[in-house]
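Number of protein chains: 2
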Amino acid sequence: VIHLDLLIHNARVADVFRLREFAGWIGIRDGRFVYVEEGAPPSGAVAQERLDLGGSLIIPGLIDAHMHIESSLATPRRFAQAVVPHGTTAVLADPHEVANVAGEDGVRWMIRASQGLPLRIFNAIPSCVPATSPDIEWTLSVFDAATVRRLAQESTVIALGEVMDYGQVLADGERLRGMVQAAHETGLLVEGHVPALRGADLSQYLAWRITSDHTIMTSEKIREQTSKGVAVMLTARSCMPENLAAVNTLPDRSRILLVTDDVEPSLLAKGHLSLIVQKAIDAGLPPLEAVASATIRPARYLGLRDLGGIAPGFRADFSVMEALAAFPPSQVFFGGVRVAGDGALIARDLPVTPAPPAGSVLPGPFSARDFRFVPDGGGGQVTANAVVLKSTTVFLTDLERVPVRVVDGYAELEAGLALVAVVARDGSSKSVGVVKDFGLDAGAVASTFAHDSHNLLIVGRNAAEMARAANSVRETGGGIVVVAEGEVIAMLRLPLLGLLSDAPLDEIVRDFKAVEGALLDLGVRHERPFFMLSLLALSVSPKFKFTDKGVVDTEARRLLPPWDADPCSARPLGAVGRLSM
Amino acid sequence: VIHLDLLIHNARVADVFRLREFAGWIGIRDGRFVYVEEGAPPSGAVAQERLDLGGSLIIPGLIDAHMHIESSLATPRRFAQAVVPHGTTAVLADPHEVANVAGEDGVRWMIRASQGLPLRIFNAIPSCVPATSPDIEWTLSVFDAATVRRLAQESTVIALGEVMDYGQVLADGERLRGMVQAAHETGLLVEGHVPALRGADLSQYLAWRITSDHTIMTSEKIREQTSKGVAVMLTARSCMPENLAAVNTLPDRSRILLVTDDVEPSLLAKGHLSLIVQKAIDAGLPPLEAVASATIRPARYLGLRDLGGIAPGFRADFSVMEALAAFPPSQVFFGGVRVAGDGALIARDLPVTPAPPAGSVLPGPFSARDFRFVPDGGGGQVTANAVVLKSTTVFLTDLERVPVRVVDGYAELEAGLALVAVVARDGSSKSVGVVKDFGLDAGAVASTFAHDSHNLLIVGRNAAEMARAANSVRETGGGIVVVAEGEVIAMLRLPLLGLLSDAPLDEIVRDFKAVEGALLDLGVRHERPFFMLSLLALSVSPKFKFTDKGVVDTEARRLLPPWDADPCSARPLGAVGRLSM
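Set out below in C-alpha cells:
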C-alpha cells in the first residue's frame, strides 16, 4: 500500500528533463517527491492530504545560481518573504556587500540569518573583500586563502563568489590565487565575472577553473564561453533576442542558466527570477527551455542533486500555475508544504533576524569643515580631477580637468558640478572630490550603501548640507538620507550594517521610492538614481571612481588626487598614502 | 608572454560543449589546458615542446561512469595498460567482486592498487556485500552504514555502487537503507541497477535518491528513466538502433551516458569504452553526441568538474585521432603527458601491485567424497531440484524436478545433467546440486570467480574429477581449472584473491581463451562459457541459482534443498540452516 503525506492529482507536470508537459499525479512523503507518474493515482493510495489541481501545471521551484541578497536592501527573511511567492525556492547568495563591511563574521551572520526560511539559501564566499586592494579603498578585513578554508566549513557554502578582479588573475596575484586554490581544495565552485576578456586572455582567466560568467552581453561571447566549458548565466540585461537566438542554436543547452544578479527592492514586488524567465521567453527562448534554465540546469551546475526537478527523490519544492511562466504562481510548495499562495507568503513565524556582528561602526559626527575641498583651508583656484558621468542610462564615467574656486578651503561650484566625499567606515581616511553631470542641483545625499566597500558616500552642492546628510545617516544607524534646504526630505533606514533593513519589504520599497523621488526632484539625471549613486565608489568598473583614498583610475588601477596641478602627476599605486586628511 | 609546457597546433578540436569541431591550437601547463583557441597560436608563445598535429583531431579522454575492473580479470595496472591506449582516461570502478571476497580491506586494496596509474580510477563502495544476505550465501563480511562512512573518507570514493537488491528497497530494508543514507550524508552518488521495475515501483526505488540505471533495455524505459531524473547509462547490450533513436528524440541528452559495465579480457584487446562509442554510432547516435556521452556528460554526472572537455582549466587528458570515433587513437595524453601511442602504453614503470589483504583463503583439499550428492552416502533414487539453462545466448534459468540415481551417495547422472557444487571460501558450508543443459558432457571445471560472492564453484560429471579441479584451483591460489579424463587441460591463474591476475593482459587473454576453448570442447553450450559459468551462482538474477546454501529461488528469495521429496516443501528464508554438510 502506498502511504503519502500529500497526493496531488489531476495535475499537469512540467518535465524539465524531457522538456514536455504530461498529465499525472504526484506523491510526496517526508518533504520529497516519491511518485511522479502519468495518469491517475492508484485507488489504494493512502494520503494524509489530497489536492485536486483541476489540470493546473506544476513546475519545479526556481533556482537562482547567481545573486546578492543585499541588492534587495532586505534581510534574508524579508527577501524570502518577497521572492518565494514568485516561485523562487533556492538561491546561491554571494554576500559580498556584507562581507566588505563586516568581514568573515558578516558572512557568518548572513548564513545564520538565512536559516529556517522557506527558501534554500546556499552561499558563496565573497572573493572581493576588498574589491581591489586596501591601498585603493578601505575595508574592515582582507579575505585570503585561510578565510576561504574557514568559511568552506559552513554547510551551506558551495562556491567562491564571482572573481571580478581579472587583472589580478592575469597577473597571477598571490592572494587571489590562494583563495581560488583553497576553494578548489575544499570542493567549492569558483564563480566568474569577466566582461572585458575574450580569446586567449579569457582562457587564461578561465584556466583558474572559474566555471561561470554572468556578464555575457553578446551572442559571440555566449558561443565562446560555451565552447570553453563555462556556465553561461543570462541576466535581465543579457536576455536580448539576439542572445536567445544564439542559445537556441546550441545543441546542448544544459549549461545555459538564468540568474538575477542584483534586483532592486522596487522590482521584487513584480517578481524575481520569474522576471528573467519571462524576459527570456519574450526574447525567444522556448518556455520549457526557460524553465529548465531556471530549475534543473542551475541545480546540476551547482551540484544540488535533489533540486530542480519533479522526480522521485527530489525535494518537493514547486509552484502551481495555470501555464508555463504564467507568474506569479497560484501556490508555492517548499519541502512538500504549501508556503505561498496568490503572491504572498502564507502567514507563519519566520525566524527572527539575529543581531549583526558587533564592531560595525559609522564615522562622524561631521561638521561642514570635514567637507572642505582643500583640507588645509587655502583659497584661490585649483584644478579638480573631476569624474564625469557620461550617460543617464548606463554607468560609464570619464575624467575631466575642471577649475574650482576655493574660499577658505570650501569649494564654490559652478552649475553641473557637485562634491563627492567618501569616508572610510572607521573614519581612518577620507577624500573629497568633484563629480560632473551627476545632476544634483541642490541639497545633498549620504549613503552607507555604496558598492563594493560601502564606505560612507556623500554627494552635495555644499559642505554644510553634506555634513547634515552624513550626520543624519550616522544617527539612524545607516541608510540613505536626502537633504534639501538644510532639512531631511527622504530617508531609507538600513540599520543592519548600514546595508540592510529587517522591515517588511513594502516599507523598504516605499522609502526607497521616496529617496529616488527626492534625488530626481533635486535634479539627478540617471533613470535609476540610487543605482548610479551606489556605483560612484565602485572601484572595479570603468573608468574613474571615488574612494576614501581619492580618485581611482580603475583601468590603470592607480589613484589620482582629487585636485592637483596636472593629471599627468598621478602617482602609481603604492606611492600614495592618505591624500586629503 | 605565454609560457607553456606543451603547445599543440594545427589541430582540430572536438568541442563536446557545442558539439562541433574547430581548427585551432591548444596550450598546456601543469597538466591542464590553459589555452584552447581557434586559429593559429600567437608568435610570441614560448613552449617547452611543440606538436604539429597536421590537422588531426583531439578528443577528450573517455570517462566510464559505470564499470568493474574485476571483469577484466586483471589488476588495475594491467587494466590501465589495456584500456588507456584505447582512449579511456577515467573510470568509476565499483570493486564489488573483490569486496565480496575480501571485505572493506579488499576495497582499500583496490584503491591502493589504482594509484599512480595513467588512468584516473574513482571508486564506488559496493552496496552488494553480500548481494543478497548471509542466509542465502557466504561472504567474508557484511557491509553496512558504518562501512560506507569509513570508506567514504577515501579521496577517490565518489559513489555507492549499484543498488541491485530492489526487493530490499521496496521492503525498506534497514541495512541497505542505512548504507544509502550514509552515502547521501557523505556526499556520494548512489548508483542504480533496476531492470525489473517500471512506474510507481520504479519511482519508489528511485525515491531513495538513486541516480542512474545501466540496465535499460527498451526505448520506453529510456524515456521513463529520463523523465524521472535518472542518468541513462547505455551498455553494449542496450546500444540498439531503437534505443538510440529514442535518445535522438530527447531535446536534452545531457544525462545520456555510455558505459562498459563488465568487459571480458578477450574484448579488451579490441577496445574498451571506445567499443561502446562505436556501437552507439553504428546504432544511430551522431558521433559528436556519442563522444559527449562518453566524456563531458559522465564527468558532469559524476561531479568531476575538470574532466571530460578540452577547455581552459580542464585536465589535459585527451586522444589524438584521424576522425571522431576512429579508434584506437594514434596518441593518448594524460595530464598533458603522452602515455600511449598506436594502441600500446608507452613503456614506463607502472607501480607494483601491492599484496592483497591477508586472510583470504580457499577451501579444501577435497576428495571425491566431498561431492557426493547425498552426503550421508545413501543409495537408490532421489529427485533433484535441478536448475535448467534455458538459452545458449542470454542467461535465464528455471527449475525442473529430475530423478537422479544415487549409489553410495554418488550421483550417476543421465546425459545432459551435471553436478554443481558451491563451497564457501572459508569451508563453512557447501551444497551439491544438479544443473541441466549446461552442456558439460565430460570432465569438470572449478572456478573461484563466480558472481557475486565468488565462493568456489565446481561443475562436473563425476565427483572425482570435480575434486581434482577444485584441488588444482586451490593449489594455484585461485582461478579457473578445466579437467578432462583426470587431467588438467586448461588453467587461468587468478592468484590475487582468486579473482585477479597481475600478469600482462595478453597472458590473461591467452589462458582465458584456452579455458573457454576447453569448456566448449567438453560440450558447454553457451556462446560465452566462462560468463555462463560465473553466473551460475549469481543469486540476484532470475530465476534459480546455486549457492553454498542450496538452490536459490531468486525471485521469491528462498532456498530449496538440492534434492528432496517435493519442491513444494521449500522452506522460506530463515528456516534453513546448513543443507548438505
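Which chain is which? The protein sequence lines are A and B, in order.
Here the first sequence is numbered in the numbering used here, starting from 1 and rising by one per residue.
Here the second sequence is numbered in the numbering used here, starting from 1001 and rising by one per residue.
Every residue, glycine too, gets a C-beta built ideally from N, C-alpha and C.
DSSP places E185 of chain A outside any beta strand (DSSP E); the residue lies instead in the alpha helix (DSSP H), whose first and last residues are 174-185. Think of a sphere of 7 Å around the beta carbon of V34 of chain A: the chain B residues whose beta carbon falls inside it are S1203, Q1204, A1207, in chain order.
Residues of chain A whose Cβ lies closer than 7 Å to the Cβ of F1017 of chain B are, in chain order, T226, S227, G229, D252. Distance from the Cα of E1191 of chain B is smallest, within the candidate group B:A1470, B:S1319, B:L1160, for B:L1160. Across the set A:S541, A:G479, A:P542, the C-alpha of A:G479 shows the shortest separation from the C-alpha of F512 of chain A.
Taking all protein chains shown into account, V1394 of chain B has fewer than 16 neighbouring C-beta atoms within 10 Å of its C-beta and is therefore exposed. Within the same chain, E1104 come within 6 Å of T1147 of chain B by CB-CB distance, once the 5 residues on both sides are set aside. S1274 of chain B: member of the alpha helix (DSSP H) spanning 1273-1282, first to last residue. Shown here, T1147 of chain B sits in a helix according to DSSP, grouped into three states. Here F1371 of chain B carries a helix assignment [DSSP, helix/strand/coil].
For the set B:I1136, B:F1079, B:Y1205, the Cα lying nearest the Cα of L1119 of chain B is the one of B:F1079.
Every unbroken stretch of the beta strand (DSSP E) spanning 3 or more residues and falling wholly within the stretch 1063-1128 of chain B is given here in chain order: 1088-1093, 1120-1125.
Residue state for D408 of chain A is assigned as coil, using DSSP reduced to three classes. Taking a cut-off of 8 Å for Cβ pairs, the stretch 1281-1291 of chain B and the stretch 1317-1328 of chain B touch, as three or more such pairs fall below it. Between T547 of chain A and V422 of chain A, the CB-CB gap stays under 9 Å. Between T295 of chain A and G308 of chain A, the C-beta spacing is below 9 Å. Judged by DSSP in its simplified three-state form, T218 of chain A adopts coil rather than helix or strand. When rounded, the separation of the alpha-carbon atoms in A200 of chain A and V1034 of chain B is 9 Å. Chain A has no Cβ within less than 9 Å of the Cβ of F1122 of chain B.
Taken in chain order, the whole beta strand (DSSP E) runs of length 3 or more contained in the stretch 1284-1352 of chain B are 1318-1321, 1331-1334, 1337-1341. Contact of A1196 of chain B with chain A by beta-carbon distance below 9 Å is absent, the smallest such distance being about 16 Å. When Cβ pairs closer than 8 Å are counted between the two stretches, the stretch 1398-1408 of chain B is seen to touch the stretch 1371-1383 of chain B, the count reaching three or more.
A check of alpha carbon separations from V1387 of chain B across B:L1505, B:L1538, B:E1038 identifies B:L1538 as the nearest. For F1530 of chain B, the enclosing alpha helix (DSSP H) stretches over residues 1529-1535. Approximately 7 Å separates the beta-carbon atoms of D1317 of chain B and A1090 of chain B; this is inside 8 Å, confirming the contact.
Using a Cβ-Cβ cut-off of 9 Å, D1306 of chain B counts as an interface residue toward chain A, since at least one Cβ of chain A sits closer than that to its own. Contact between L345 of chain A and V84 of chain A holds, with the beta-carbon distance rounding to 6 Å and staying under 8 Å. Against chain A, a Cβ distance below 8 Å from E1037 of chain B picks out G199, A200, S203. Going by C-alpha positions, S43 of chain A is about 13 Å away from R50 of chain A. In its chain, beyond the 5 residues on either side, D144 have a beta carbon closer than 6 Å to the beta carbon of R175 of chain A. Within chain B, no residue has its beta carbon less than 8 Å from that of G55 of chain A; the closest one is some 19 Å off.
Within chain A, the residues whose beta carbon sits less than 7 Å from that of P1312 of chain B are S203, L206, A207, K228, listed in sequence order.
Leaving aside the five residues that flank P1195 of chain B on each side, the residues in its chain whose CB is nearer than 6 Å to its CB run, in chain order, T1215. Within chain B, the residues G1229 have their CB atoms less than 7 Å from the CB of G309 of chain A, given in chain order. In the DSSP assignment, G55 of chain A falls outside any beta strand (DSSP E) and carries neither an H nor an E. Bounds of the alpha helix (DSSP H) holding I508 of chain A are 505-521.
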